[in-house]
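See below for the structure under consideration.
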Amino acid sequence: MFAMLMGLKSIAPRELHALQEHSGQGATTVVDVNARHSWLKARVPGAINLPPEFEAAMMPADRAAPLVFYCSNPLCRKAPQAARKAEKLGYADVRVMSAGITGWVGAGLPVESGG
């Protein structure tokens, strides 16, 4: 919801899952901006965990590579804010999975857990 209001591109959980399966899991960098304990509990397979206030050095070097940010649920603002920051840093293909991890899990998609 906030992604749309902020003029950001969004992606649905099933759409992200299909993208990962079609182009390979490492082709798109998926960024979970939830607290570390939430990331350890359940995350999109292959997702990295970054704080919402990430530093530019924490991001992938390739600014043309696709990035997808997500947080906990559709009412969470952390992912859209992190996506906006990535755009300001020059990343060209930035999207937000507005449904968050709750939408991913609710869609019955696979999750990773643990460290």
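What the sequence shown shows, in the numbering used here, is residues 2 to 116, in sequence order. Note that beta-carbon positions come from the ideal geometry of N, C-alpha and C, so glycine has one too. Fair warning: this is a prediction, and the values are worked out from it, not measured in the lab.
In terms of residue numbering, what span does the beta strand (DSSP E) encompassing residue i cover?
{"i": "T30", "result": "T30 to D33"}
Within 10 Å of its beta-carbon, does residue i have 16 or more other beta-carbons around it, so buried, or fewer, so exposed?
{"i": "S99", "result": "buried"}
{"i": "A80", "result": "buried"}
{"i": "A1", "result": "Look at the range of the chain in this structure, 2 to 116, and you will see that residue 1 is not part of it."}
{"i": "P14", "result": "buried"}
{"i": "V112", "result": "exposed"}
{"i": "G116", "result": "exposed"}
{"i": "R37", "result": "exposed"}
{"i": "M60", "result": "buried"}
{"i": "L9", "result": "buried"}
If you follow the alpha helix (DSSP H) that residue i is in, where does it begin and where does it stop?
{"i": "L51", "result": "L51 -> no alpha helix (DSSP H), and no H or E assigned at all."}
{"i": "R37", "result": "R37 to K42"}
{"i": "L110", "result": "No alpha helix (DSSP H) holds L110; DSSP gives it neither H nor E."}
{"i": "A13", "result": "Element bounds for A13: n/a, residue is neither H nor E."}
Throw me the rounded Cβ distance for the residue i and residue j pair, which I believe falls under 8 Å.
{"i": "A83", "j": "P53", "result": "5 Å"}
{"i": "W11", "j": "V97", "result": "Sequence check: residue 11 is Ser here, not Trp. Their Cβ separation, rounded to whole angstroms, is 5 Å, which keeps S11 and V97 in contact under 8 Å."}
{"i": "I102", "j": "N50", "result": "Not a contact, Cβ separation roughly 11 Å."}
{"i": "D1", "j": "V45", "result": "There is simply no residue 1 to check, as the chain begins at 2 and stops at 116 in what is shown."}
Using C-beta distances below 6 Å, list every residue in its chain close to residue i, excluding the 5 sequence neighbours before and after it, in chain order.
{"i": "V95", "result": "L68, A84, A87 and E88"}
{"i": "E104", "result": "The identity of residue 104 in the sequence shown is Gly, whereas the question assumes Glu. Closer than 6 Å at the Cβ level, and outside the excluded window around G104, lie P14."}
{"i": "L90", "result": "A57"}
Please work out which residues of its chain come closer than 8 Å, Cβ to Cβ, to residue i, disregarding the five sequence neighbours upstream and downstream, and give them in chain order.
{"i": "T29", "result": "L17, L20, Q21, A66, P67, L68 and V69"}
{"i": "S114", "result": "L41, K42, A43 and R44"}
Taking only runs that begin and end inside the stretch 67 to 108, name each unbroken beta strand (DSSP E) of 3 or more residues, in chain order.
-> 68 to 71 and 95 to 97
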